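Asker:
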Amino acid sequence: MAEAIDWDWIGRHGDDIAAATLAHLELVGAGVGLAVAVAVPVALAVRNRPIGATVASGTATVLYTIPSLALFAFLIPVFGIGKTPAILGLAVYALGVLIRNTVTGLRGVPAPVLEAARGMGLSRRQVLYRVELPLAVPAILTGIRLATIETVAIATIAVFVAGGGLGELILTNGIERNLFVTPIVAGTVIAVCMALTLDLLLVGVQRIVTPWSRRIATRPDEAHG
Amino acid sequence: MSGLPTAAADVGLRDVTKRYDAGSPRPAVDALTLEIPAGEVCVLVGPSGCGKTTALKMINRLIEPTSGTITIDGRDARALAPAQLRRRIGYVIQQVGLLPHLTIAANVATVPKLLGWERQRISARVAEMLDLVGLPADEYGGRYPSELSGGQQQRIGLARALAADPPLMLMDEPFSAVDPITRDRLQNDFLKLQRTVAKTIVFVTHDIDEAVKMADRIAVMRDGRLVQYATPAELLANPVDAFVADFVGADRALKRLSLMHVSDLALTPAPSVTASDHVEVVHSRLGGGDLEPIDGYLLLTDAEGHPQGWVTVSRLNAGGRVGDTAALAAQPLLQPQTTARDALSQMLDAGARCAAVVDVNGVVAGVVEIATIARVAHPEPMEVSVG
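Protein chains in written order, with the numbering used here: chain V, 4 to 228; chain B, 35 to 421.
Here you go:
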């Protein structure tokens, strides 16, 4: 394989590779960001409504099962081609896992904690912002991690709607040029590294913003209670 | 209640009814009327489903009554928005419900923060509260709830409820989720605390022993209704019906004894003699009615009056001294603050029909007889009608 790589091509196209990588990051960031912006309010709206929650995550699952190429194709008549349909398509894919994780996180807040919070005189809004959302953060971040890894891979397809990104290396420079291997391998390696790096970063974020879950409970002996 | 840091509030429930479901045959709470005087611990007790927790939660409006009025210090609880009202009422629940993502200090600071206290006042108050419950801020303030034991968490729950110095505290089975030893310690610490803070406390439990221990007044509930509202002693002495009698248990006489202390009992003067007393002198004192043996026994003490043992009158050697005769051990020795129940238990344990009571210096103050305890366990003389 190593002999099949045209290192010279890589050397000459450094700027293009960097641009494609940045464009890819932009697609992933915007797609996941948009999905979070939609999923969190939806999850908040349906968290106490079993039917609503089923409908919301069911819809998101159905959207998820649409073949990705077809989904991007459906977006073209409405949004044309370019970054906009690409980001929208990616957001649709990320929605399902984010809604499900956020609802799970919100529902996982222990009932006694909510009762104590209300009993102390927190308003509904204060309970939401000071108790429910902070406690759902680990689950939401887990959803973001899963959505991010997935989106890094799917975003290579955005090239079909001229969305740019690493797909350009793989398709335009590789597949369409008589299966020129070098850009295909470069695009793949960068995508994999990007997914792993973003995942590590998000794990770091998770640890920083949830200090309470980091400390492993070293429960003192009950008799000291 | 003058001279205390904050006034305690009196609480009144008038004809309070809660019907969860309009179609259900009986309300969860049915026309409950209860006056709780300021500074008292009122325990709502009854079997599960009797409406005690619903009654409690209507006071801070976590549950809204269907009808009736609840007043706190004469003011209708509906005069304030629910959140505003709750900030003025301490709330402690069985599962504690500490906010797991906040440190212990931040948890305790919750209500003062909601009330807009200044930062310095809050941190001073938090330190004071944590000291009060025996978990000093230096050591525990920065920890998270999951790092504490169940008993410690409930102490923090208590500190948090007390932080804004509310005149009223609601406690829903606060000590039920911990092991018996921790529970006993929490109860004792809580009672000690209550003697200094003197809040009005409404306390829910299903455990009659806990109710008897904690309460100034006990409200026994059944099927949403108040069956009896009385002091623990009254309740144990005169249960209004078979249900209450059954609920307080077959051992209610023993429970009554646990409410009394040796200092409350009528002591018999101790028939004290010392080892150096001449038997003749003892006999002449016995003859003169100056010395009244108990069950044929005299209490042997040293010169300072510390009990040494019991000697039998009939075994005293004529011509000798009291000390020549072997004495039975002076067991048990009772303190004035020993409960009558513990006193009885110790006497049964030692096989003794009487026991010496000593003061703080160990000097004999009198003698408790089992018959005296038996008499107080049953408040009214048993009358047997003949013919």
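Built from N, CA and C at the ideal position, the CB exists for glycine as well. No experiment lies behind these values; they were computed from the predicted model shown.
What separation, rounded to the nearest whole angstrom, lies between the Cα atoms of Tyr96(V) and Ala63(V)?
Answerer: The residue you call residue 96(V) lines up with position 93 of the first sequence. The residue you call residue 63(V) lines up with position 60 of the first sequence. The alpha-carbon atoms of Tyr96(V) and Ala63(V) are separated by roughly 8 Å.
Asker: Taking the alpha helix (DSSP H) that Gly34(V) falls in, what are its first and last residues?
Answerer: Your numbering for residue 34(V) matches position 31 in the first sequence. That run of the alpha helix (DSSP H) goes Gly17 to Val49.
Asker: Roughly how many whole angstroms lie between the Cα atoms of Gly46(B) and Val296(B)?
Answerer: Taking the first residue of the second sequence as position 1, residue 46(B) is located at position 12. Taking the first residue of the second sequence as position 1, residue 296(B) is located at position 262. One C-alpha to the other measures close to 36 Å.
Asker: Identify the contact partners of Val278(B) in chain V, using a Cβ-Cβ distance below 7 Å as the criterion.
Answerer: Within the second sequence, the letter at position 244 stands for residue 278(B). Near Val278(B) there are no residues of chain V at all, since even the closest Cβ is about 30 Å away, more than 7 Å.
Asker: Using beta carbons (cut-off 8 Å, strictly below), is Ser232(V) in contact with chain B?
Answerer: What is shown of chain V runs 4 to 228, which leaves residue 232(V) out entirely.
Asker: So which residues of chain B does Trp10(V) contact, with C-beta pairs closer than 7 Å?
Answerer: On the first sequence, position 7 is the one that residue 10(V) refers to. None at all; the shortest Cβ gap to chain B is about 50 Å.
Asker: If you draw a straight line from the alpha carbon of Thr159(V) to that of Tyr54(B), how long is it in whole angstroms?
Answerer: Position 156 of the first sequence, counted from the start, is the residue given in the question as residue 159(V). Position 20 of the second sequence, counted from the start, is the residue given in the question as residue 54(B). The alpha-carbon atoms of Thr159(V) and Tyr54(B) are separated by roughly 56 Å.
Asker: Three-state secondary structure (DSSP) at Ile156(B)?
Answerer: Sequence index remark: in the second sequence, residue 156(B) carries index 122 (1-based). Reduced to three states, the DSSP call for Ile156(B) is helix.
Asker: So with CB distances below 8 Å, who are the chain V contacts of Asn94(B)?
Answerer: Walking along the second sequence from the start, residue 94(B) turns up at place 60. Within chain V, the residues near Asn94(B) are Gly122.
Asker: Taking Cβ-Cβ distances shorter than 9 Å, what residues in chain V pair up with Gln129(B)?
Answerer: Counting from one through the second sequence, the residue named residue 129(B) turns up at place 95. Within 9 Å Cβ-Cβ: Pro113, Ala114, Pro115, Val116, Glu118 and Ala119.
Asker: Buried or exposed, going by whether 16 or more other CB atoms sit within 10 Å of the CB of Asn395(B)?
Answerer: Numbered from 1 along the second sequence, position 361 holds the residue referred to as residue 395(B). Exposed, by the Cβ-count rule.
Asker: Among Leu201(V), Ile211(V) and Arg210(V), whose alpha-carbon lies nearest the alpha-carbon of Gly32(V)?
Answerer: Within the first sequence, the letter at position 29 stands for residue 32(V). With distances taken between Cα atoms, Gly32(V) lies closest to Leu201(V).
Asker: Thinking C-alpha only, which one of Arg148(V), Leu117(V), Gly167(V) and Glu153(V) is nearest Leu138(V)?
Answerer: Locating residue 138(V) in the first sequence gives position 135, where the first residue counts as 1. It is Leu117(V).
Asker: Kindly list, in the order they appear in chain B, the residues whose Cβ is closer than 7 Å to that of Val134(V).
Answerer: By one-based count along the first sequence, residue 134(V) stands at place 131. By Cβ distance, chain B contributes Leu133.
Asker: For a contact defined as C-beta to C-beta under 7 Å, what are the partners of Leu144(V) on chain B?
Answerer: Numbered from its first residue, the first sequence carries residue 144(V) at position 141. Per Cβ cutoff of 7 Å: no residues; Leu144(V) is ~13 Å from chain B at best.
Asker: What residues from chain V crowd round Arg121(B), counting only those whose CB sits closer than 8 Å?
Answerer: The sequence position of residue 121(B) within the second sequence is 87, counting from 1. In chain order: Met123 and Gly124.
Asker: Out of curiosity, what's the CA-to-CA distance linking Val347(B) and Met381(B)?
Answerer: If you number the second sequence from 1, residue 347(B) lands on position 313. If you number the second sequence from 1, residue 381(B) lands on position 347. Their backbone Cα atoms lie some 21 Å apart in a straight line.
Asker: Taking C-alpha atoms, which residue in Arg219(B), Thr144(B), Arg155(B) and Ile215(B) lies nearest to Gly168(B)?
Answerer: To locate residue 168(B), count along the second sequence from 1; it is residue 134. It is Arg219(B).
Asker: Is Ala73(V) near the ligand ZN, judged by its Cβ being under 7 Å from some heavy atom?
Answerer: Among the components modelled here there is no ligand, and therefore nothing to report on the ligand ZN.
Asker: Counting only runs that start and end within the region 75 to 115 of chain B, where is the alpha helix (DSSP H) found for 4 or more residues in a row?
Answerer: Those alpha helix (DSSP H) runs which fall completely within the region 75 to 115 of chain B and span 4+ residues are 86 to 93.
Asker: Return the first residue and the last residue of the alpha helix (DSSP H) that Asp243(B) is part of.
Answerer: Numbered from 1 along the second sequence, position 209 holds the residue referred to as residue 243(B). It spans Ile242 to Met248 - the alpha helix (DSSP H) in which Asp243(B) sits, taken as one unbroken run.
Asker: Please determine, among Arg189(B), Asp376(B), Val130(B) and Pro146(B), the residue with the shortest C-alpha to C-alpha distance to Leu288(B).
Answerer: Residue mapping note: residue 288(B) aligns to position 254 of the second sequence, counting from 1. Here the closest residue by C-alpha is Asp376(B).
Asker: Can you tell me which of the three DSSP states Gly321(B) falls into?
Answerer: Taking the first residue of the second sequence as 1, we reach residue 321(B) at position 287. Helix at Gly321(B).
Asker: For Pro170(B), list the residues DSSP reports as bridge partners.
Answerer: Indexing the second sequence from 1 puts residue 170(B) at position 136. None; Pro170(B) has no bridge partner.
Asker: Hey, is the region 133 to 153 of chain V in contact with the region 165 to 180 of chain V, meaning 3+ C-beta pairs nearer than 8 Å?
Answerer: Too few Cβ pairs lie closer than 8 Å, so no.
Asker: Tell me which residues share the same chain as Val100(V) and place their Cβ nearer than 6 Å to its Cβ, disregarding the 5 neighbours each side in the sequence.
Answerer: Locating residue 100(V) in the first sequence gives position 97, counting from the first residue. So the list reads Gly146, Leu149 and Ala150, once near-sequence residues are dropped.
Asker: At a cut of 8 Å, does the region 352 to 368 of chain B reach the region 267 to 279 of chain B through at least three beta carbon pairs?
Answerer: Counting Cβ pairs under 8 Å, fewer than three are found: no touch.
Asker: So is Ala117(B) in contact with chain V if we call contact Cβ pairs under 8 Å?
Answerer: Counted from its first residue, the second sequence places residue 117(B) at position 83. Yes - at least one Cβ of chain V is within 8 Å of the one on Ala117(B).
Asker: Under 8 Å between C-beta atoms, does Ser36(B) make it to chain V?
Answerer: Your numbering for residue 36(B) matches position 2 in the second sequence. Residue confidence for Ser36(B) is low, a pLDDT of 37 falling below 50, so the modelled location carries little weight; the figure read from the coordinates is stated next. It does not: the Cβ of Ser36(B) has no partner Cβ on chain V nearer than 8 Å.
Asker: Just to confirm the assignment: which complete alpha helix (DSSP H) runs, minimum length 4, are found wholly within the region 190 to 222 of chain V?
Answerer: Whole alpha helix (DSSP H) segments, 4+ residues: 214 to 217.
Asker: Can you tell me where the alpha helix (DSSP H) holding Val164(V) begins and where it ends?
Answerer: Working through the first sequence from its first residue, we reach residue 164(V) at position 161. Unbroken run through Val164(V): none, as it is neither H nor E.
Asker: Could you check where the beta strand (DSSP E) with Pro341(B) kicks off and where it finishes?
Answerer: Taking the first residue of the second sequence as position 1, residue 341(B) is located at position 307. Where Pro341(B) is concerned, the enclosing beta strand (DSSP E) stretches over Pro341 to Thr346.
Asker: Can you list, in chain order, the residues of its chain with a C-beta nearer than 8 Å to that of Gly177(V)? Leave out the 5 residues immediately preceding and following it.
Answerer: Residue mapping note: residue 177(V) aligns to position 174 of the first sequence, counting from 1. Excluding residues within five positions, the ones whose Cβ falls inside 8 Å are Phe183, Val184, Thr185, Pro186, Ile187 and Gly190.
Asker: Any beta-carbon of chain V closer than 8 Å to the one on Asp145(B)?
Answerer: Residue 145(B) sits at position 111 when you count from the first residue of the second sequence. The question names Asp, but residue 145(B) is Val in the sequence shown. Judged by the 8 Å Cβ criterion, Val145(B) is in contact with chain V.
Asker: Spatial neighbours of Gly339(B) within its chain, please: C-beta separation below 6 Å, excluding the five flanking residues on both sides.
Answerer: The residue you call residue 339(B) lines up with position 305 of the second sequence. Val397 and Val398, listed in sequence order.
Asker: Is the distance from the Cβ of Leu350(B) to the Cβ of Val401(B) below 8 Å?
Answerer: Here residue 350(B) refers to the residue found at position 316 when the second sequence is read from its first residue. Here residue 401(B) refers to the residue found at position 367 when the second sequence is read from its first residue. Their beta carbons are not under 8 Å apart, which means Leu350(B) does not touch Val401(B) by this criterion.
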